[in-house]
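Numbered according to the working numbering, the sequence shown spans residues 1101 to 1430. Quick reminder that beta carbons are idealized off the backbone N, C-alpha and C, glycines included. Here is the structure we will look at.
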Amino acid sequence: LLENSLDAGATSIAVTVKDGGMKLLQIQDNGHGIRTEDLPIVCERFTTSKLATYDDLSRIQTYGFRGEALASISHVAHLSITTKKADSECAYRANYADGKLAPARPGGRSEPEPCAANNGTTITVEDLFYNIRSRQDALKNPRDEYTRIFEVASRYAVHNAGVAFTCRKAGAPKADLCTPHGSTAIANIRQIFGSKIAGSLVAVDHADADLEAEFRGFVSSAAHEMHKTVFLLFINHRLVEHTPVRRAIESLYASILPKASRPFVYLDLRLSPQNVDVNVHPTKREVRFLNEDNIVGCIVDSIHKAVLSANDSREYAVRGVGSRQPSLPH
Ligand code: ADP
Ligand code: MG
């Protein structure tokens, strides 16, 4: 849902959660909205506005393209959409069940109802898995589920620092996550993960034309202590798991960090879309790409160099402070 808001060009995204999202999960954005005439079909399977031609499939620049999120949600929760395009006089609100428009109350009308709302879209998901007991039971407790939602929202906030994000529990006076519009990745890392972590990070930035890969980000320098690995990996802007990248970076850090210390890694990896397969995992959580070994090697080298040079300059700085000799010209 966050990705849908980003695809809609939102500059502000607010997440509201009740009971770990099981009772209520609401995503409000100020994006371009949904056309009123599209409302009857948006929750049908394979409905997407993000592919115009067949060839678009090989150069996908949006997060979505499969038209499955809203459809799936409408089968397992009470889903409603309120949306307003900038040029529309009023907003419309529609309820869905099993992919189709449904009345808000039994016996009511199914057609979208005009209402008042700001430009943009609010997706409201209530009573998740109300009709599938086993899935309900498989969810963790509300606290853990909320933590996971918060983590996903925070990671998107770091990666999309231009967009303002909030995440809060319904009714809470204060948001747990609140990043300003037009921020930077490092400022958001500082806000979310603390200034100690943010202050110990070094930048990596590298492009390799042969591998059609480039990456940038912020990673722990060896001089810093943390007890849990924090790993934010975005491949072509998508928050993903990629075990080979993670393992390789972890083993690099195992050789340079003190034993009890764990790294913080935020990596924004861009690959040619033709080289990435985003379809290996049903929820697009894992991806595969061409030249994996070489690209992983390249990432590890760059991180290693960045950490070494950061620690070199830190040592010089420390020595410089204590010495009485006049400092040498650079
Ligand atoms: P996909 O993202 O793969 O296209 P989804 O099921 O996630 O499929 O969404 C279906 C369609 O609903 C999208 O293609 C888009 O047109 C519309 N949509 C969903 N969420 C939003 C939103 N927040 N703002 C504008 N349009 C949206
Ligand atoms: Mg989508």
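Open item on the list: Only counting the same chain, and skipping five residues up and downstream in sequence, which positions put a Cβ closer than 7 Å to that of Asp1305?
Closed with: Working through the sequence shown from its first residue, we reach residue 1305 at position 205. For Asp1305, where only same-chain residues beyond five positions count, the Cβ hits under 7 Å are Arg1316.
Task: Beta-carbon proximity of His1132 to Ala1114, cut-off 7 Å - done: Sequence index remark: in the sequence shown, residue 1132 carries index 32 (1-based). Sequence index remark: in the sequence shown, residue 1114 carries index 14 (1-based). No, they are not a contact pair.
Task: Same chain, Cβ closer than 6 Å to Gly1120, five either side skipped, listed in chain order - done: Taking the first residue of the sequence shown as position 1, residue 1120 is located at position 20. These residues qualify, in order along the chain: Pro1242, Glu1245, Tyr1246.
- [ ] Jot down the residue ranges of each uninterrupted alpha helix (DSSP H) in the stretch 1167-1247, minimum 4 residues, whole runs only, in chain order.
- [x] Counting whole runs of 4 or more residues, the stretch 1167-1247 contains the alpha helix (DSSP H) stretches 1169-1176, 1233-1238.
Task: Reference Arg1338, options Ala1285, Leu1367, Thr1147, closest by Cα - done: Taking the first residue of the sequence shown as 1, we reach residue 1338 at position 238. Ranking the options by Cα distance to Arg1338, first place goes to Leu1367.
Task: Near the ligand MG: Asn1104 beta-carbon under 6 Å from a heavy atom - done: Counting from 1 along the sequence shown, the entry for residue 1104 is found at position 4. The answer is yes for Asn1104.
- [ ] Please confirm whether any heavy atom of the ligand ADP lies closer than 6 Å to the CB of Arg1166.
- [x] Position 66 of the sequence shown holds residue 1166. Result yes, Cβ under 6 Å from the ligand ADP.
- [ ] Would you identify the three-state DSSP class for Glu1366, choosing helix, strand or coil?
- [x] Within the sequence shown, numbered from 1, the residue matching residue 1366 stands at position 266. Looking at the sequence itself, residue 1366 is Tyr, so the reference to Glu does not match. In the structure shown, Tyr1366 sits in a strand (DSSP, three-state: E or B).
Task: Whole-Å CB distance - Val1117 paired with Ala1270, under 8 Å assumed - done: Here residue 1117 corresponds to residue number 17 of the sequence shown, with the count starting at 1. Here residue 1270 corresponds to residue number 170 of the sequence shown, with the count starting at 1. Between Ala1270 and Val1117 the Cβ distance is about 7 Å, and since that is below 8 Å, they are a contact.
TODO: Use the C-beta contact count for Asn1379: other C-beta atoms within 10 angstroms, 16 or more gives buried, fewer gives exposed.
DONE: Working through the sequence shown from its first residue, we reach residue 1379 at position 279. Asn1379 is exposed by the Cβ-count criterion.
Task: Closer than 6 Å: Ala1169 CB and nearest the ligand MG heavy atom - done: As a first step, residue 1169 must be located in the sequence shown, where it is residue number 69. Result yes, Cβ under 6 Å from the ligand MG.
TODO: Check each candidate in Ile1223, Asp1237, Asn1288 and name the one with the smallest Cα separation from Glu1251.
DONE: As a working mapping, residue 1251 is identified with position 151 in the sequence shown. Nearest option by C-alpha distance: Asn1288.
- [ ] Keeping to the same chain, check which residues put their C-beta closer than 8 Å to that of Val1340; ignore five residues upstream and five downstream.
- [x] By one-based count along the sequence shown, residue 1340 stands at place 240. Here the set comprises Leu1333, Phe1334, Lys1384, Arg1385, Glu1386, Val1387.
TODO: Answer with buried or exposed for Ile1232, where buried requires no fewer than 16 other C-beta atoms within 10 angstroms of its C-beta.
DONE: Looking up residue 1232 in the sequence shown gives position 132. Exposed.
Open item on the list: Below 6 Å, is the gap between the Cβ of Asp1129 and the nearest heavy atom of the ligand ADP?
Closed with: Stepping through the sequence shown from its first residue, residue 1129 is reached at position 29. True, at least one ligand heavy atom lies under 6 Å from that Cβ.
Open item on the list: Between Val1378 and chain B, is any beta-carbon pair separated by less than 7 Å?
Closed with: Among the chains in the structure shown there is no chain B, since it carries only a single protein chain.
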